[in-house]
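Student: Right, I'll just put the structure down here and ask away after.
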Amino acid sequence: MTNAPANQPIFRFAPSPNGALHLGHARSAILNNQAARVAGGRLLLRMEDIDRTRCSPELEQAILDDLVWLGIDFEEGIRRQSDHFASYKERLEQLSNLGLVYPSFTTRGELRRLVADVEAAGGDWPRDPDGTPHPPLSEKTRTTAERHKLIETGHPYAWRLDMKAALQRLGWKEVSWRESATPLEKPQTARFDARLWGDVVLARKDIPTSYHLAVVLDDAQQGVSHIIRGRDLYPATAIHRVLQALLALPEPIYHHHALVLDEDGRKLSKSIGSAALSAQRLGGYEPQETIALALGAKEAVKPVTLPKTYG
Numbered sequence: 001m002t003n004a005p006a007n008q009p010i011f012r013f014a015p016s017p018n019g020a021l022h023l024g025h026a027r028s029a030i031l032n033n034q035a036a037r038v039a040g041g042r043l044l045l046r047m048e049d050i051d052r053t054r055c056s057p058e059l060e061q062a063i064l065d066d067l068v069w070l071g072i073d074f075e076e077g078i079r080r081q082s083d084h085f086a087s088y089k090e091r092l093e094q095l096s097n098l099g100l101v102y103p104s105f106t107t108r109g110e111l112r113r114l115v116a117d118v119e120a121a122g123g124d125w126p127r128d129p130d131g132t133p134h135p136p137l138s139e140k141t142r143t144t145a146e147r148h149k150l151i152e153t154g155h156p157y158a159w160r161l162d163m164k165a166a167l168q169r170l171g172w173k174e175v176s177w178r179e180s181a182t183p184l185e186k187p188q189t190a191r192f193d194a195r196l197w198g199d200v201v202l203a204r205k206d207i208p209t210s211y212h213l214a215v216v217l218d219d220a221q222q223g224v225s226h227i228i229r230g231r232d233l234y235p236a237t238a239i240h241r242v243l244q245a246l247l248a249l250p251e252p253i254y255h256h257h258a259l260v261l262d263e264d265g266r267k268l269s270k271s272i273g274s275a276a277l278s279a280q281r282l283g284g285y286e287p288q289e290t291i292a293l294a295l296g297a298k299e300a301v302k303p304v305t306l307p308k309t310y311g
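Take the sequence shown: its position 113, counting from 1, is numbered 113 in full-length UniProt numbering, and each next residue is one higher.
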């Protein structure tokens, strides 16, 4: 845990070095930077690099170059998730010992075929808020012996959170968190039905964590009190609150800002080749031009009174 002074707000920007930053990333970085300055807090930088096949030092350096160009004032010292696999595995085992995770052996290809067959016959297959199909119910009815045999024979698998069991253990009928309408405004209560996510993946055979597990552990380890990120992650906050409660982790305050959209109304994405910040940086743009494009006037942080408690 960080040794920050009591009640000092801590913010973070946590990109994945698996592609170039775009204006959407810039909006998150800038809002975190502005909020930290207004609140007299700290801004930490984290690299979410658990995907070792796609992340690289070159892409990380490109991210650092973009952030420096934008004037983002983060502290020295970068936390890299790839350095902490052992601690993620330890907390995954903690959930396993509570009977809250199970191995799921249906591959992505097999799941796609199952879903296609059901939907071709006119049926519906449950999907999570991101559109990903839930695992088949047969995964939860496998015997322990069947699971051990599949693991011993080298079958690929993912560790999934048993969401129903997790909510029952917590005694929760709904999931709530503290959500601010603007980055530093007094938070209100937000709610989301975590059951819509189904049994989310927390780790895989070869990687002992997932985004959901790593992000809550990292935020707790770094003492993050305020999380400012894109609105596309609003539903996922329900998963994060469940994990925070199960693992006795602090509850941050959240603000999910509006997304930057392309001309077709889609959110910017590395996967669809959205324009990179580096193209603007190297193409003659001034940093303030890019900041204006990323923010829009209504997204600027204004000095406000912080809530008395946070984190």
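All C-beta atoms in this analysis are idealised placements derived from N, C-alpha and C, irrespective of residue type, glycine included.
Nothing here was measured: the structure is a model prediction, and the numbers come from that model.
Which of the three DSSP states, helix, strand or coil, is assigned to G122?
Tutor: Counted from its first residue, the sequence shown places residue 122 at position 122. It is coil, neither helix nor strand.
Student: According to DSSP, is L259 helix, strand or coil?
Tutor: Counting from one through the sequence shown, the residue named residue 259 turns up at place 259. It is coil, neither helix nor strand.
Student: Taking the alpha carbon of K186 as the point to measure from, which residue in A203, R52, R169, Y254 has its own alpha carbon closest?
Tutor: Numbered from 1 along the sequence shown, position 186 holds the residue referred to as residue 186. Comparing Cα positions, the closest option is Y254.
Student: Scan the segment 16-98 and note each continuous beta strand (DSSP E) run of 3 residues or more that stays entirely inside, going in chain order.
Tutor: If we require 3 residues or more, the beta strand (DSSP E) runs fully inside the segment 16-98 come out as 42-47, 78-80.
Student: Per DSSP, L161 forms a beta bridge with which residues?
Tutor: On the sequence shown, residue 161 is found 161 positions in, with the first residue counted as 1. DSSP lists V101 as partners of L161.
Student: Put A190 into one of helix, strand or coil per three-state DSSP.
Tutor: Sequence index remark: in the sequence shown, residue 190 carries index 190 (1-based). Strand, per DSSP.
Student: Would you check if the distance between the CB atom of R12 and the CB atom of L44 is smaller than 7 Å?
Tutor: Walking along the sequence shown from the start, residue 12 turns up at place 12. Walking along the sequence shown from the start, residue 44 turns up at place 44. Yes. Within cutoff.
Student: In or out: T305 buried (at least 16 other Cβ within 10 Å) or exposed?
Tutor: Within the sequence shown, residue 305 is the residue found at index 305, counting from 1. Per-residue confidence for T305 stands at a pLDDT of 38, beneath the threshold of 50, marking its modelled position as unreliable; the derived number appears in the next sentence. Per the 10 Å Cβ criterion, exposed.
Student: Check whether the segment 211-218 touches the segment 234-244, taking contact to mean three or more Cβ pairs, one atom from each stretch, closer than 8 Å.
Tutor: Yes: at least three Cβ pairs fall under 8 Å.
Student: How is the alpha helix (DSSP H) around L202 delimited, first residue to last?
Tutor: Reading the sequence shown from its first residue, position 202 is the one you call residue 202. Per DSSP, L202 belongs to no alpha helix (DSSP H); it is in the beta strand (DSSP E), 201-204.
Student: Give the secondary structure of E179 by DSSP, where H, G and I count as helix, E and B as strand, and everything else as coil.
Tutor: Locating residue 179 in the sequence shown gives position 179, where the first residue counts as 1. Strand at E179.
Student: Assign V68 to buried or exposed, taking buried as 16 or more other Cβ atoms, counted over all protein chains shown, within 10 Å of its Cβ.
Tutor: Locating residue 68 in the sequence shown gives position 68, where the first residue counts as 1. So V68 counts as exposed.
Student: How should L261 be labelled, buried or exposed, when 16 other C-beta atoms within 10 angstroms of its C-beta is the threshold for buried?
Tutor: To locate residue 261, count along the sequence shown from 1; it is residue 261. Flag for L261 reads exposed.
Student: In whole angstroms, what separates the C-alpha of K308 from that of N7?
Tutor: In the sequence shown, counting from the first residue as 1, residue 308 sits at position 308. In the sequence shown, counting from the first residue as 1, residue 7 sits at position 7. Because the pLDDT of K308 is 36, which lies under 50, any placement of that residue in the model is unreliable, and the question is left without a value.
Student: Alpha carbon to alpha carbon, how far is F74 from H25?
Tutor: Here residue 74 corresponds to residue number 74 of the sequence shown, with the count starting at 1. Here residue 25 corresponds to residue number 25 of the sequence shown, with the count starting at 1. Using only the alpha carbons, I get a separation of about 15 Å.
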